[in-house]
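Student: The end of the sequence shown is residue 441 by the working numbering, with every number in the run present.
Where a beta carbon is used, it is the ideal one built from N, C-alpha and C, also for glycine.
Sharing a structure below in structure tokens format, with a few things to ask.
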Amino acid sequence: MKKVLILAGGLGKRMNSPRPKVVHEVLGKPLINWTIDAAREAKVDEIGVVLGNNAGLVYPVIPNDVKIFIQKSQVGTADAVKAAKDFLDGKVVILYGDVPLISSKTILSLFESKADMTILTATFEEPFGYGRIVRENGEVVRIVEENDATDDIRKIKEINSGIYAFESQSLIYALERIRNENKKGEYYLTDAVEVLLKGGYVVKTVETDNPLSVIGVNTQRELAALMKNVKENINNALMDLGVTIEDPETTFIGPDVVIRPGAVLKPFTFIYGKSKVSSNAVIGPQTTIVDCTVGNNSLVIKSDCTNAIIGDNCSIGPFSRLRPGAFIEDNVKIGNYVEVKNSHLSKGVKAQHLTYLGDATIGEDTNIGAGTITCNYDGVRKNKTLIGKNVFVGSNTSLVAPITVGDGALIGAGSTITDDVPAYALALGRARQVNKEEWVLKKRRGISDEK
Ligand code: UD1
Ligand code: CA
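What follows is the structure in structure tokens.
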């Protein structure tokens, strides 16, 4: 049985933030999810997380298959593990929720280790803030926290990553014996080293060859520094793969995004979530894409898209907004100030200006005139608008849903459409124009006559 337990119950005081530390995002992904995904990638049998008294704010980002344990009061990392005592069984790897870049490969290698406790360490040129690995005759004898360290110990550059593998039995033995006699008055999991050695257990260290992967986040500055680092690595990897990034400084790509070679990312572009961008797509400048698919040769310019699917050869923007459920087939054009929500736009649809399409299904090659609005909400329910193929919707049309417009129909500009339109019909839903000859002149004369 391979289990991973992630400690994320701490108050994160040094963040000075009203939100729990582990929900702060790095490239659009909460810290805790980086760690959970690394554990998932290592294909462990079970993942548990320990949350604290602000758990309510963390629940929403925890996937359903992850077991949640609650630590009632935040009195240290050893106490946090205790809160998940029932979870401990066989070999357990402990991860910290604020050490997000740990790799699945490292997690797997820790499961292979044969000791009662194996500590993952790293050598940092600037070890400030980390627990230091104290050795005697080359063997680890204890971990000393920054707060409790003497000047000599502070000079040690080998640090505790906060990542360990334990035999559960040995861990439980240590948890029962750890005391809180330190500057912070907390129960430190790091004290397991001394407790286990005293009890005749085997404690080992493994040094990571990738120090970046064990950086911890305790402050807002550290969060920003880590983001900068990761962002650079992701951008470099994409460029090596054949993606053009015009300005890596202002381009932010999440870790779970897939971008195909030949795609071009223009400055100030943000692509997050599980987005996929196909070959020769051009994204940006000034575009945000979250959880979207963008097809081959499609352009998305100065736009904001969330949870949308965009086909091949489409042109989106500038200033378009695609909201969740926008399903855009190939060769569609969506222009400035057009918002699409939960709607299916078939091949060749054009909606180029100032339009809202919500809860609509639109057939092939239909043209949506400027200023068209689907009135999908009647104050109680969201209603559907069904528009057929080759329809021409004149400018400034209101389509009061639920409503169906048949294939090939033509709607006169400025119409308010409240009844279904049959196929190939002309629908006019406005008052007829009246011209009153010379009315203005007469009015003027009227005024001067009065004088
Ligand atoms: C900890 C380690 C330190 C190590 C560093 C690596 C201890 C005592 N110290 O220090 O040796 O170098 O991480 O980044 O373990 N947590 C709880 N409940 C608590 C306290 C903390 O769940 O009561 C969680 C936090 O949410 C966090 C993790 O444990 O994810 C580490 O806690 P934190 O207070 O950040 O420890 P550090 O001071 O960074
Ligand atoms: Ca920390």
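Taking only the alpha-carbon atoms, compute the straight-line gap between residue 185 and residue 147 and give it to the nearest angstrom.
Tutor: As a first step, residue 185 must be located in the sequence shown, where it is residue number 195. As a first step, residue 147 must be located in the sequence shown, where it is residue number 157. When rounded, the distance between both Cα atoms is 23 Å.
Student: How big is the Cα-Cα spacing for residue 69 and residue 177?
Tutor: The count along the sequence shown starts at 1 and reaches residue 69 at position 79. The count along the sequence shown starts at 1 and reaches residue 177 at position 187. If you take the alpha carbons of residue 69 and residue 177, they lie about 6 Å apart.
Student: Expressed to the nearest angstrom, what Euclidean distance is found between the alpha-carbon atoms of residue 421 and residue 409?
Tutor: Position 431 of the sequence shown, counting from 1, holds the residue named residue 421. Position 419 of the sequence shown, counting from 1, holds the residue named residue 409. Going by the C-alpha atoms only, they are around 16 Å apart.
Student: Am I right that residue 47 and residue 60 are in contact with their C-beta atoms under 8 Å? What's the rounded C-beta distance?
Tutor: Here residue 47 is taken as the residue at index 57 of the sequence shown, counted from 1. Here residue 60 is taken as the residue at index 70 of the sequence shown, counted from 1. The Cβ separation is near 13 Å, so there is no contact.
Student: Where does residue 60 sit, in a helix, a strand or coil, going by DSSP?
Tutor: Within the sequence shown, the letter at position 70 stands for residue 60. Strand at residue 60.
Student: Can you list, in chain order, the residues of its chain whose CB lies under 8 Å from that of residue 240, leaving out five sequence neighbours each side?
Tutor: Here the question's residue 240 lines up with position 250 in the sequence shown. Cβ neighbours of residue 240 beyond the five flanking positions: 257, 258, 259.
Student: On the criterion of 16 or more Cβ atoms from any shown chain inside 10 Å, does residue -8 qualify as buried, or is it exposed?
Tutor: To locate residue -8, count along the sequence shown from 1; it is residue 2. Classification for residue -8: buried.
Student: Below 6 Å CB to CB, which residues in the same chain sit around residue 441 once its five sequence neighbours on both sides are set aside?
Tutor: Start at 1 with the first residue of the sequence shown, and residue 441 comes out as number 451. At residue 441 the pLDDT is 44, less than 50, meaning the model places this residue with poor confidence; the figure from the coordinates comes in the next sentence. Excluding positions up to five away in sequence, the list is empty.
Student: Hey, is the segment 135 to 145 in contact with the segment 96 to 116, meaning 3+ C-beta pairs nearer than 8 Å?
Tutor: no
Student: My assumption, with CB atoms under 8 Å, is that residue 336 sits in contact with residue 315. Please give the rounded CB distance.
Tutor: In the sequence shown, counting from the first residue as 1, residue 336 sits at position 346. In the sequence shown, counting from the first residue as 1, residue 315 sits at position 325. Rounded, the Cβ-Cβ distance is 15 Å, inconsistent with contact.
Student: Run through DSSP, which three-state label would residue 441 get?
Tutor: Counted from its first residue, the sequence shown places residue 441 at position 451. A caution first: residue 441 carries a pLDDT of 44, below 50, which makes its placement in the model too unreliable to give a value.
Student: Note down the Cα distance separating residue 344 from residue 202, rounded to an integer number of angstroms.
Tutor: Numbered from its first residue, the sequence shown carries residue 344 at position 354. Numbered from its first residue, the sequence shown carries residue 202 at position 212. Rounded to the nearest angstrom, the two C-alpha atoms are 47 Å apart.
Student: Classify residue 106: buried if its beta carbon has 16 or more other beta carbons within 10 angstroms, exposed otherwise.
Tutor: Locating residue 106 in the sequence shown gives position 116, where the first residue counts as 1. Residue 106 comes out buried.
Student: Would you call residue 406 buried or exposed, if buried means 16 or more other Cβ atoms sit within 10 Å of its Cβ?
Tutor: Here residue 406 corresponds to residue number 416 of the sequence shown, with the count starting at 1. Residue burial annotation: residue 406 is exposed, with fewer than 16 other C-beta atoms found within 10 angstroms of its C-beta.
Student: Ignoring anything shorter than 3 residues or poking outside the segment 172 to 243, list the beta strand (DSSP E) runs there in chain order.
Tutor: Segments of the beta strand (DSSP E) lying fully in the segment 172 to 243: 193 to 197, 241 to 243.
Student: Nearer than 7 Å: is that true of the beta carbon of residue 87 relative to any heavy atom of ligand 1?
Tutor: If you number the sequence shown from 1, residue 87 lands on position 97. Judged by the Cβ position, residue 87 qualifies as a neighbour of ligand 1 at the 7 Å threshold, a heavy atom of the ligand being closer than this.
Student: Can at least three beta-carbon pairs, one atom from the segment 389 to 398 and one from the segment 358 to 373, be found at a separation below 8 Å?
Tutor: yes
Student: For residue 296, which residues does DSSP report across the bridge?
Tutor: As a first step, residue 296 must be located in the sequence shown, where it is residue number 306. Its beta-bridge partners are 280.
Student: For residue 165, which residues from the same chain have a beta carbon less than 7 Å from its beta carbon, with the 5 sequence-adjacent residues on both sides left out?
Tutor: Taking the sequence shown and counting its residues from 1, the one referred to as residue 165 is at position 175. Counting only Cβ-Cβ distances below 7 Å, and skipping sequence neighbours, we find 68, 71, 72.
Student: Would you kindly work out how many angstroms separate the C-alpha atoms of residue 121 and residue 374, rounded to a whole number?
Tutor: Along the sequence shown, read from residue 1 onward, the residue named residue 121 stands at position 131. Along the sequence shown, read from residue 1 onward, the residue named residue 374 stands at position 384. C-alpha separation (whole angstroms): 59 Å.
Student: Any heavy atom of ligand 2 within a distance shorter than 7 Å of the CB on residue 223?
Tutor: Looking up residue 223 in the sequence shown gives position 233. Remark: the C-beta of residue 223 is outside contact range of ligand 2, defined as less than 7 Å to any heavy atom.
Student: Going by the beta-carbon positions, is the gap between residue 245 and residue 233 smaller than 8 Å?
Tutor: By one-based count along the sequence shown, residue 245 stands at place 255. By one-based count along the sequence shown, residue 233 stands at place 243. Here residue 245 is not near residue 233, since their CB atoms are 8 Å or more apart.
Student: Within the same chain, show all residues whose beta-carbon is closer than 6 Å to that of residue 237, passing over the 5 residues directly before and after it, in chain order.
Tutor: For this step, residue 237 is matched to residue 247 along the sequence shown. Same-chain partners within the cutoff: 257.
Student: Regarding residue 198 and ligand 1, is the C-beta to nearest heavy atom distance less than 7 Å?
Tutor: Working through the sequence shown from its first residue, we reach residue 198 at position 208. Flag unset: Cβ of residue 198 not near ligand 1.
Student: With DSSP run on the structure shown, which of helix, strand or coil describes residue 5?
Tutor: Mapped onto the sequence shown, residue 5 falls at position 15. In this structure, residue 5 counts as helix in the three-state DSSP scheme.
Student: Taking C-beta to C-beta, are residue 280 and residue 263 nearer than 8 Å?
Tutor: For the purposes of this step, residue 280 is taken as the residue at position 290 of the sequence shown. For the purposes of this step, residue 263 is taken as the residue at position 273 of the sequence shown. Taking 8 Å as the Cβ cut-off, residue 280 and residue 263 qualify as a contacting pair.
Student: For residue 41, report the span of its beta strand (DSSP E) as first-last.
Tutor: For the purposes of this step, residue 41 is taken as the residue at position 51 of the sequence shown. 36 to 41 is the span of the beta strand (DSSP E), which, as asked, contains residue 41.
Student: Whole alpha helix (DSSP H) runs in the segment 54 to 135 with 4 or more residues, listed along the chain?
Tutor: 67 to 72, 94 to 102
Student: Tell me where the beta strand (DSSP E) around residue 389 begins and ends.
Tutor: Translated into the one-based positions of the sequence shown, residue 389 becomes position 399. Residues 388 to 390.
Student: Could you check what DSSP says for residue 137 in three-state terms: helix, strand or coil?
Tutor: Locating residue 137 in the sequence shown gives position 147, counting from the first residue. DSSP places residue 137 in helix when its eight states are reduced to three.
Student: Can you check whether the C-beta of residue 86 is within less than 8 Å of a C-beta belonging to chain C?
Tutor: No chain C appears in the structure shown, which is made up of a single protein chain.
Student: Could you pull out every unbroken beta strand (DSSP E) segment of at least 3 residues lying fully inside the segment 371 to 437, listed in chain order?
Tutor: 375 to 377, 388 to 390, 393 to 395
Student: With distances taken Cα to Cα, identify the nearest neighbour of residue 188 among 136, 130, 243.
Tutor: In the sequence shown, the residue the question calls residue 188 occupies position 198. The shortest C-alpha separation from residue 188 is found at 130.
Student: Assign residue 63 to buried or exposed, taking buried as 16 or more other Cβ atoms, counted over all protein chains shown, within 10 Å of its Cβ.
Tutor: Here residue 63 refers to the residue found at position 73 of the sequence shown. Exposed is the call here.
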